[in-house]
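4 protein chains.
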Amino acid sequence: MIDSLVIGGREISSRLFLGTGKFPSNRLIPEVVAASGVQVVTVALRRVDLDFEEENIAAYVPGDCILMPNTSGARNAEEAVRIARLAKAAGCGNWVKIEVITDNRYLLPDNYETIKATEILAAEGFTVLPYMSPDLMAAKRLAEAGAAAVMPLGAPIGSNRGLRTKEMIRILIEEISLPVIVDAGIGRPSEAAAAMEMGAAAVLVNTAIATASDPVAMARAFGRAVEAGRTAYLAGPGETRQYASASSPLTGFLRDE
Amino acid sequence: MIDSLVIGGREISSRLFLGTGKFPSNRLIPEVVAASGVQVVTVALRRVDLDFEEENIAAYVPGDCILMPNTSGARNAEEAVRIARLAKAAGCGNWVKIEVITDNRYLLPDNYETIKATEILAAEGFTVLPYMSPDLMAAKRLAEAGAAAVMPLGAPIGSNRGLRTKEMIRILIEEISLPVIVDAGIGRPSEAAAAMEMGAAAVLVNTAIATASDPVAMARAFGRAVEAGRTAYLAGPGETRQYASASSPLTGFLRDE
Amino acid sequence: MIDSLVIGGREISSRLFLGTGKFPSNRLIPEVVAASGVQVVTVALRRVDLDFEEENIAAYVPGDCILMPNTSGARNAEEAVRIARLAKAAGCGNWVKIEVITDNRYLLPDNYETIKATEILAAEGFTVLPYMSPDLMAAKRLAEAGAAAVMPLGAPIGSNRGLRTKEMIRILIEEISLPVIVDAGIGRPSEAAAAMEMGAAAVLVNTAIATASDPVAMARAFGRAVEAGRTAYLAGPGETRQYASASSPLTGFLRDE
Amino acid sequence: MIDSLVIGGREISSRLFLGTGKFPSNRLIPEVVAASGVQVVTVALRRVDLDFEEENIAAYVPGDCILMPNTSGARNAEEAVRIARLAKAAGCGNWVKIEVITDNRYLLPDNYETIKATEILAAEGFTVLPYMSPDLMAAKRLAEAGAAAVMPLGAPIGSNRGLRTKEMIRILIEEISLPVIVDAGIGRPSEAAAAMEMGAAAVLVNTAIATASDPVAMARAFGRAVEAGRTAYLAGPGETRQYASASSPLTGFLRDE
């Protein structure tokens, strides 16, 4: 229904990406994936550790999804690189979402270390999607370093606070030629739709779905909202006006005659 | 997929209502209706005048829709009542959207005259949906007067300015037992979704669809967004937090071992 | 420093009005008045009852202030009129702030009854300042009824939620020739300044000052902020731009030479 | 009236800093300084070039102000360092505002090069105030590099768009022990007050004052607003509530008796 997004040579039809870290049970994941239509799913490496069968979140991700291991837990570029290589060696493919975080309260990413990790991993052939603080110059450096997309935060991870960095994300979308994927903070489908209406290439959602009373229904809502936002972006919204503009003939029926 | 809305004894499956006054051509209407899935369509009476075949907008509204004539052009209760009766006599059914407007710049409704018209028409058996300025006490009086729903504005008609009256609409939804349908001002699908997430029963959109570069695609986007918003409302969104909340295990892979 | 506001023939130099209902002790009032520079002070009638000396809030209002009794407790026009007459008879002067409220949760005003009370009291020579829900047509009727100003709410009384009804207040300021005084909801000096920058004639504040840890300092802050907002309104703010506009010469020192 | 801010060992009583690049005439500067009470004034180096008497903006800055040359025009750390040294050699003192900008559309700063310049100049004994994109990890590195304060942008330079990065600035204020001075984007006194209410140490304003119809009056408004915001921050604002909270006794006069 909507146009595909191409990242790392893969054609992706759903512009909703799913994070998996917060679900009450991994058993929900297949249903959530089905309801929302997502194709790209991120998992923390520890959970793909094949030794612990019951914790193996990857086993719950449907086979036709693109698995995107993240480097959660990395505190610098070196650790992120090490985790990415381990994930690849474990058979998780060559996509990686880089997360380098040392801030324990807001979990804000370290753009500087993220750029370093991106450069190394892109050179090794990974399809690198870095989680970042929405800063234009850092996004330009990520692009030069070989990132396949940039993933600026809308608000702190898990906060459900929405598009608080809207102004900076709008500028990234305008100034960067890479796909801009809003990651973190989106708490409502309306916020996901708003990101897409601005021209975001995709959004990644985890907490808002996983902490809903009914995660499967919420996943469906996000799938629809992302589709709506992308469709609206392509449909070319009309202008916003200060004054009213009549929808119906005001001189009307009674006075015309 | 979502729960039905019942108004005036009719079960309505789509919570997107369509206004028709602004389309470049009436010929677009059937396609817009099909793409969005709307079932309730409002038309200005002058356009249902059967004498002028080419202006007869009602002829373009698919037969399975609920036709809701509006009293556009009425400047007081008496005129609104007169238009409603004429519409009924012309075979438009017994639904009516009351619009009483004397403000030519912002097209803001006259709650006082609207309450009077509602009382008269409800007593005559009309299913009355009044367009109103979002004021709680006026909404309570409309309920007492027999309104089937209340239709507060989000922003001036045709302005595409969004949910500027959000605070007051939220209070209406909380305090009034009638369905609250946000009418006027909604300019983007994300705003329609946000209204639904707050608990609005439905939204009415015209300008935002009609003035899009591709009205049919925009109609589809609004249909999806309204569904997403309603689904999210029912799914029970999670909490918003000030601080971050880790989606992935931060102690992580590397340090655990 | 700023231009005077004239209401009911009185020249008022401070555009901050003070509500008195929420102070931990009435003894704070003279200091709050002095720190903020307010000249118009509203009191609930019960508190001006001269029989109970210690509850007599009016005794704490400096003599050079304009005392504006309010009709708090009135549930309809008749009660508001009765309270206003009693206040006048008790020597409180002929200013009255009309409050007619039956909504116990949000304390939202009843515009319809307020218009009726305004009409009666204005005809009796009162200087009438009605508290209202921000609805343009109701404001027009209040003007016709003889109000000296209109006092739309920014958010529910005591909520400190700010200018939630900004869009509607902006329209009132543009369309009504009476002074528009924002009453209720203002929780921070920045919000008072924003109301003044839009062209509000004054703001009335109570809860935000009275519930601060240091009410006297907060009163001073509000006095300054209202002055700042009015001054900015008169100074003619520059345009808002989408793109940056260099403050300093970018071609710069180094490359010029 | 408000508490002093100490930066680089200097006690500063006004928390409004002034930029000078946009005034229609330098002759306005002394009057603007007097009206606003500012003590810290930033100038682009080119304008302090003593060879060109009429362009010598520094000559218009009152002698009791702290002159803060900026490195406007620098495109990397090396250039910023060179400009700072030249300014010092020219007698401009040892304060410097670092600006490193290569983005010509939004004039967004380059945090990476800014950190490098800060490190070098702080080691040389400069009091370094870096203009930055509001990113927590970059702010932490600036602190480690020896910055005396950080100056995150509220919106692009000269845009008058306000506190668009509010969420990130709030986090900086909470997490960084240096003074946080909001620089760029502030377009109205109310926005300056809001920044101060959040706990910003100061704000720097140029375009909003320089492009007002009456720059001197606007400067006075900003001075007052910054004072109001700081006072409010110190006064301990009350809570924000969802529901109303009566300011006056609702049971009232009439029903009590």
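Order-wise, the sequence lines are chains A, B, C and D. In terms of the working numbering, the first sequence opens at residue 1 and continues consecutively. In terms of the working numbering, the second sequence opens at residue 1001 and continues consecutively. In terms of the working numbering, the third sequence opens at residue 2001 and continues consecutively. In terms of the working numbering, the fourth sequence opens at residue 3001 and continues consecutively. Ideal Cβ placement from N, Cα and C applies to all residues, glycine included. Computed from a predicted structure; not experimentally measured.
Can you find a CB in chain C that lies within less than 9 angstroms of the CB of residue i?
{"i": "B:D1003", "result": "no"}
{"i": "D:G3021", "result": "yes"}
{"i": "D:R3085", "result": "no"}
{"i": "D:D3214", "result": "yes"}
Which whole-angstrom value is the C-beta distance of residue i and residue j, which I expect to be below 8 angstroms?
{"i": "B:P1062", "j": "B:L1045", "result": "The pair is not a contact, with the Cβ atoms about 19 angstroms apart (cut-off 8 angstroms)."}
{"i": "D:A3221", "j": "C:A2235", "result": "6 angstroms"}
{"i": "B:I1181", "j": "B:A1202", "result": "4 angstroms"}
{"i": "D:M3132", "j": "D:A3123", "result": "Contact doesn't hold; Cβ gap of about 19 angstroms is too wide."}
{"i": "C:M2137", "j": "B:N1111", "result": "6 angstroms"}
{"i": "D:G3185", "j": "D:P3156", "result": "6 angstroms"}
{"i": "A:R75", "j": "A:V41", "result": "With 8 angstroms as the limit, A:R75 and A:V41 do not qualify as a contact, their Cβ atoms being about 24 angstroms apart."}
{"i": "D:I3171", "j": "D:R3141", "result": "About 15 angstroms separates the two Cβ atoms, so there is no contact after all."}
I'd like to know whether the C-beta of residue i is nearer than 9 angstroms to at least one C-beta of chain D.
{"i": "C:P2130", "result": "no"}
{"i": "A:I157", "result": "no"}
{"i": "A:D103", "result": "yes"}
{"i": "C:A2059", "result": "no"}
{"i": "C:A1971", "result": "The structure shown has nothing for residue 1971 of chain C, since chain C only spans 2001 to 2257."}
{"i": "A:R75", "result": "no"}
Can you have a look at residue i and say buried or exposed, based on whether 16 or more other CB atoms are within 10 angstroms of its CB?
{"i": "D:P3024", "result": "exposed"}
{"i": "B:E1144", "result": "exposed"}
{"i": "D:P3030", "result": "exposed"}
{"i": "D:A3035", "result": "buried"}
{"i": "B:D1135", "result": "buried"}
{"i": "B:S1190", "result": "buried"}
{"i": "B:V1006", "result": "exposed"}
{"i": "C:R2161", "result": "buried"}
{"i": "B:G1125", "result": "exposed"}
{"i": "C:E2227", "result": "buried"}
Less than 9 angstroms between CB atoms is the rule here; does residue i satisfy it with respect to chain A?
{"i": "B:G1091", "result": "no"}
{"i": "D:A3138", "result": "yes"}
{"i": "D:M3068", "result": "no"}
{"i": "B:P1134", "result": "no"}
{"i": "D:R3164", "result": "yes"}
Consider the Cβ of residue i: report whether some Cβ of chain B lies at a distance smaller than 9 angstroms.
{"i": "A:Y243", "result": "yes"}
{"i": "C:L2016", "result": "no"}
{"i": "C:K2097", "result": "no"}
{"i": "C:T2240", "result": "no"}
{"i": "C:E2167", "result": "yes"}
Measure the C-alpha to C-alpha separation of residue i and residue j and round it to an integer number of angstroms.
{"i": "B:L1276", "j": "B:G1229", "result": "Residue 1276 of chain B cannot be examined here, being either before or after the span of chain B that is shown, 1001 to 1257."}
{"i": "B:A1195", "j": "B:G1019", "result": "17 angstroms"}
{"i": "C:I2066", "j": "B:L1067", "result": "56 angstroms"}
{"i": "B:V1038", "j": "D:A3149", "result": "56 angstroms"}
{"i": "C:E2011", "j": "C:D2183", "result": "20 angstroms"}
{"i": "B:E1032", "j": "B:A1058", "result": "Checking the sequence, you will find Val at residue 1032 of chain B rather than Glu. Going by the C-alpha atoms only, they are around 14 angstroms apart."}
{"i": "A:Y233", "j": "A:M198", "result": "7 angstroms"}
{"i": "D:Y3106", "j": "A:E167", "result": "11 angstroms"}
{"i": "A:G91", "j": "A:L163", "result": "34 angstroms"}
{"i": "A:K97", "j": "A:L129", "result": "5 angstroms"}
{"i": "D:L3121", "j": "D:G3223", "result": "30 angstroms"}
{"i": "C:A2217", "j": "D:G3009", "result": "27 angstroms"}
{"i": "D:S3072", "j": "D:A3200", "result": "23 angstroms"}
{"i": "A:P179", "j": "B:N1206", "result": "32 angstroms"}
{"i": "A:I169", "j": "C:T2127", "result": "51 angstroms"}
{"i": "B:R1241", "j": "D:E3174", "result": "16 angstroms"}
Proximal residues, the stretch 1106-1128 of chain B versus chain C, C-beta separation under 9 angstroms: Y1106, L1108, P1109, D1110, N1111, Y1112, E1113, I1115
With 9 angstroms as the limit, tell me which residues of the stretch 1216-1229 of chain B have their beta carbon closer than that to any beta carbon of chain A; keep them in chain order. V1216, A1217, M1218, A1219, R1220, A1221, F1222, G1223, R1224, A1225, V1226, E1227, A1228, G1229
Mind listing which residues of the stretch 193-209 of chain A have their C-beta closer than 9 angstroms to chain D's C-betas, in chain order? none
Compile a chain-ordered list of the residues in the stretch 138-152 of chain A whose CB is closer than 8 angstroms to at least one CB of chain B. none
The stretch 1166-1190 of chain B: which residues have C-beta closer than 7 angstroms to a C-beta of chain A, in chain order? G1187, R1188, P1189, S1190
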